[in-house]
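Those protein sequences? They're chains A and B, same order as listed.
Position 150, counted from 1, in the first sequence is what the working numbering calls 150; the numbers after and before it change by one each time, with no gaps.
Position 1, counted from 1, in the second sequence is what the working numbering calls 1; the numbers after and before it change by one each time, with no gaps.
Worksheet for the structure shown next.
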Amino acid sequence: MKAFSFPVLLLVFFASGCAHGPDPAVSLAPPISPPRVRQVLVVSDPVQIPPTPPEMPVKSETGKVDDYGDIEVLEKVSEEAKVEIADPLEPFNRAMYHFNDKLYFWVLKPVAQGYRKVVPETARVGVSNFFANLAFPIRFVNCLLQANFEGAAAELGRFTVNTLWGIGGFLDPASSKDISLSKQDEDFGQTLGAYGIGQGFYINWPIFGPSSPRDTVGLLGDTLLRPYTYLSPWYAGAGVWTYDKVNDTSLNIGDYESLKEAAIDPYVAIRDAYVQYRLKKVNRKGGNISKEDAGSPEKK
Amino acid sequence: MKSIKVIMLIVFVILIAPERAAASGPFGPPQPIVKGVGGVHTGIGYWFHEDTYKNGTEQVTRRNQAYSELGYGSLNGWEITARVGMSDLKLINAFDSSNASTTTSKTDFEENGKFFGTVGAKGFYPFNNTFGIGAFIQGSYYFSDFADTVSGTRNGTPFSVELRIRNLWDVNFGMGFQATVPYDIKMYIGPYVYYTELKGSPSADVAGVAFASVETTMKNKIGFGGFTGIEVPLAKGFRLNLEGQYSEKLSVGAAVIYVY
């Protein structure tokens with residue numbers, strides 16, 4: 001048993017992921033370098049906000065129009081920047097952050113770099129499309145649970161088109177200009193958020209990365225809807241998951257490094273970006289946002 | 001000019017080809033579907049195929065194929081197409097006994113769900129915006145054997161024989177004339193020649209049962225036919241292709257194609 005546990009653990013160790021669903025973009029953990037992290041950080045960092053065009057009238061703090069085009073934007077930004085999350089487990093979370101950081105730089109990144117050298121980008125994008133198509137049940141069910149029937153229909157259409165005309169999902173004709181069915185990034189964590197359940201506090205899981213009690217529960221729900229969870233033996237599913245993460249990482253090498261370089265305290269930057277990103281995703285569908293999610297200052 | 005030479009060569013091959021035949025899957029319109037070099041199209045389709053094989057005795061076969069296809073635009077206006085799919089196989093009266101002392105539990109050989117692959121290439125030469133001529137070559141191969149078991153009695157002694165159909169393949173050459181009418185509807189028609197064979201291997205010899213008496217290689221009864229079809233644009237980049245082929249028997253099918 002021990003003899004076979006080790007390679008399995010190693011496989012899992014090679015992998016990275018997020019604690020809440022199929023979208024790699026929500027993971028801000030070192031093991032995954034999401035493409036949209038920097039986009040989220042722009043919101044949390046006023047310095048990076050693009051200035052308002054000079055010809056646009058802007059109101060000052062008192063509501064008067066003045067010449068300082070940044071003020072209104074900065075107000076919005078500071079409102080969003082207030083969104084924080086309790087972090088009672090900070091010592092543990094920081095330790096896990098360092099663990100995940102090393103996991104990324106020592107294991108995942110070298111593996112992903114080697115993989116990138118031997119597999120052309122077109123093929124890696126195809127694999128990414130395939131796994132995204134495979135995660136259709138997660139998005140479909142969560143659209144339904146959020147009463148987003150239009151989104152559910154779009155997901156069903158995407159799955160049908162991409163499976164039949166996208167060679168099992170390797171191609172993504174549903175996103176083409178003609179068909180234009182966009183992917184609905186929904187997961188159980190967002191569904192719980194839409195039902196008014198707050199994030200709770202911040203947890204940084206080893207391997208899985210940033211999360212919260214709500215999103216951890218969501219992750220369990222997502223796992224149940226992920227088809228390769230049911231592969232037998234169980235380590236076949238773990239292997240597929242690992243491959244999925246290595247492939248995703250190979251497409252995003254450099255993003256995490258940029259984030260880390262730009263931040264004074266990468267741990268805090270990732271935590272803040274995570275909570276804001278999740279809030280934004282829950283908010284997007286007009287779900288009920290709890291006071292906690294809306295940014296009550298309750299950190300620590 | 002190069003395309004004309006290729007077409008002439010294929011016409012020549014068609015004319016001198018041996019008179020044996022059997023097609024597999026639609027040929028599609030002569031004009032490549034993809035948008036130029038590097039273009040891609042995908043599709044799903046269904047094909048009902050019926051043909052007669054012979055080697056001493058004649059054998060009618062029937063196949064229902066469901067497939068997925070991928071086309072790629074190659075150099076000089078040529079398109080390369082690959083298909084993978086699943087098919088059943090039915091040999092009508094394969095287990096029928098011609099001997100009064102032999103009885104069998106069933107008459108038809110039948111098995112479902114075997115993988116097959118098809119590859120093809122086609123080129124096209126337009127005369128003008130409406131008319132054009134093209135040529136193609138297309139071949140299919142079944143990756144695994146079909147098998148079915150028949151039981152019965154021979155002079156009162158019970159028997160059970162498994163018949164395996166191995167190495168089922170075909171190759172087709174043809175040329176098509178195409179007219180593109182308003183609404184970008186393409187209509188096409190043309191002749192083709194083909195060759196196909198299969199091997200039947202019974203696990204034991206049973207006198208009186210033609211297909212189960214000795215290992216047999218069967219080939220298509222006739223080697224040429226005609227095909228005609230229509231391709232209609234649907235909404236959002238999809239196209240519908242309907243086609244019929246007639247040689248010894250009639251084969252028909254439909255495919256829905258998406259062009260990238």
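From the three backbone atoms N, C-alpha and C, an ideal C-beta is built for every residue, glycine too.
| Asked | Found |
| --- | --- |
| Just to confirm my understanding: we take T149/B, look at its own chain, exclude 5 residues before and 5 after, and list those with CB closer than 8 Å. What are they? | S160, V161, E162, L163 |
| Which chain B residues sit within Cβ distance under 9 Å of G166/A? | T42, Y258 |
| Is it a yes or a no for the stretch 232-251 of chain B touching the stretch 198-207 of chain B, going by three-plus beta-carbon pairs under 8 Å? | no |
| Could you run through the stretch 230-250 of chain B and flag, in chain order, every residue whose CB is less than 7 Å away from some CB of chain A? | K236, G237 |
| Is it true that the stretch 167-186 of chain B meets the stretch 117-137 of chain B, where meeting means three or more beta-carbon pairs spaced less than 8 Å apart? | yes |
| The beta strand (DSSP E) with N112/B in it runs from where to where? | 109-126 |
| Taking a contact to mean a Cβ-Cβ separation below 8 Å, would you say G244/B touches V252/B in this structure? | yes |
| Flag L144/A as yes if its beta-carbon sits less than 8 Å from any beta-carbon of chain B, otherwise no. | no |
| Taking I189/B as the reference, which of T196/B, N112/B, T180/B has the closest Cα? | T180/B |
| Tell me which same chain residues have a C-beta within less than 7 Å of the C-beta of I179/A, skipping the five on either side of it? | V161, P173 |
| Please go through the same chain and pick out, in chain order, the residues whose beta-carbon is closer than 7 Å to the beta-carbon of V214/B, but skip the five residues on each side of it. | D205 |
| Taking only beta-carbon atoms, is P173/A less than 8 Å away from chain B? | yes |
| Looking at the structure shown, is A100/B part of a helix, part of a strand, or coil, going by DSSP? | coil |
| Residues of the stretch 45-72 of chain B with a CB closer than 7 Å to any CB of chain A: list them in chain order, please. | S68, L70 |
| Can you give me the C-alpha to C-alpha distance between Y46/B and Y67/B, rounded to a whole angstrom? | 6 Å |
| With DSSP collapsed to three states, give me the class of L338/A. | Examination of residue 338/A is not possible in this model, given that chain A is present from 1 through 300 alone. |
| Among T103/B, G28/B, G38/B, which has the Cα closest to the Cα of K122/B? | G28/B |
| In angstroms, rounded to a whole number, what distance separates the CA positions of R166/B and E58/B? | 18 Å |
| Residues bridged to E58/B by DSSP? | K54/B |
| According to DSSP, what are the bridge partners of I257/B? | G43/B, R239/B |
| Quick test of your reading: Q65/B and G38/B, contact by CB under 8 Å. State the CB separation rounded to the nearest angstrom. | The Cβ separation is near 28 Å, so there is no contact. |
| Straight-line CA distance for M218/B to L198/B? | 6 Å |
| If contacts are defined as beta-carbon pairs under 8 Å, then N100/A and I207/A qualify, I think. What distance do you get, rounded to the angstrom? | 7 Å |
| So, for V232/B: in the same chain, excluding its five sequence neighbours on each side, which residues have a beta-carbon less than 6 Å away from its beta-carbon? | I185, L240 |
| What residue range does the alpha helix (DSSP H) around Q199/A cover? | Here Q199/A belongs to no alpha helix (DSSP H), and DSSP marks it neither H nor E. |
| In angstroms with no decimal places, state the Cα-to-Cα distance between S250/A and F170/A. | 17 Å |
| Skipping 5 residues on each side, what residues in its chain have a beta carbon closer than 7 Å to that of V240/A? | Y228, L231 |
| Does the separation of the CB atoms of G152/B and T103/B fall below 8 Å? | yes |
| Report buried or exposed for N76/B, applying the criterion of at least 16 other Cβ atoms within 10 angstroms of its Cβ. | exposed |
| Would you call the CB atoms of G193/A and R226/A closer than 8 Å? | no |
| How would you write the range of the beta strand (DSSP E) that P202/B sits in, first residue to last? | 185-202 |
| Can you give the Cα-Cα distance for S176/A and S87/B, rounded to whole angstroms? | 31 Å |
| Helix, strand or coil: which one does DSSP assign to F136/B? | strand |
| Residues in its own chain within less than 6 Å of Y260/B by CB, not counting five upstream and five downstream? | V40 |
| Counting only C-beta atoms, is S176/A closer than 8 Å to chain B at any point? | yes |
| Have a look at E150/A, I85/A, G168/A, K280/A and flag the residue whose alpha-carbon is nearest the alpha-carbon of F130/A. | G168/A |
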